[in-house]
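So the number in this note's numbering is just where the residue sits in the sequence shown, counting from 1, plus 1217. In this text, a Cβ means the ideal position worked out from N, Cα and C, and glycines have one as well. Okay, structure first, notes after.
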Amino acid sequence: MLTAIGASVAVLTGIGAGIGIGLATSKAVDAIARQPEAESKISKNLLLGCALAEATAIYGFVIALLIILFLG
């Protein structure tokens, strides 16, 4: 029972990553709308930020799998 609770808490990192990527994308679109000439710099930083945010979700998923496989 505690294993399932621990795994579900670890998977919750996906919610944070989804919110973070959504906010970053909305801010980037707003910035590009205000300064179209800076699109390449904004897009580059957006992709880097999204990759880092997605990595945290993947780490949470891996931790959840490890909890289930080794403690379950």
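DSSP state of residue i mapped onto helix, strand, coil
i	result
Leu1229	coil
Gly1223	helix
Gly1289	coil
Contact set for residue i: own chain, Cβ-Cβ below 8 Å, skip 5 residues either direction
i	result
Ala1241	Leu1263, Gly1266, Cys1267, Ala1270
Gly1235	Ala1274
Ile1249	Ala1255, Glu1256, Ile1259, Ser1260
Neighbourhood of residue i by C-beta distance below 6 Å, restricted to the same chain and skipping five residues each side
i	result
Leu1288	Thr1220
Leu1280	The sequence as given places Ile at residue 1280; Leu does not occur at that position. Within the same chain, Ile1280 has close Cβ partners Ala1227.
The segment 1268-1285 in contact with the segment 1242-1250 per 3-pair CB rule at 8 Å: no
The segment 1250-1264 / the segment 1222-1231 touching (three or more Cβ pairs under 8 Å): no
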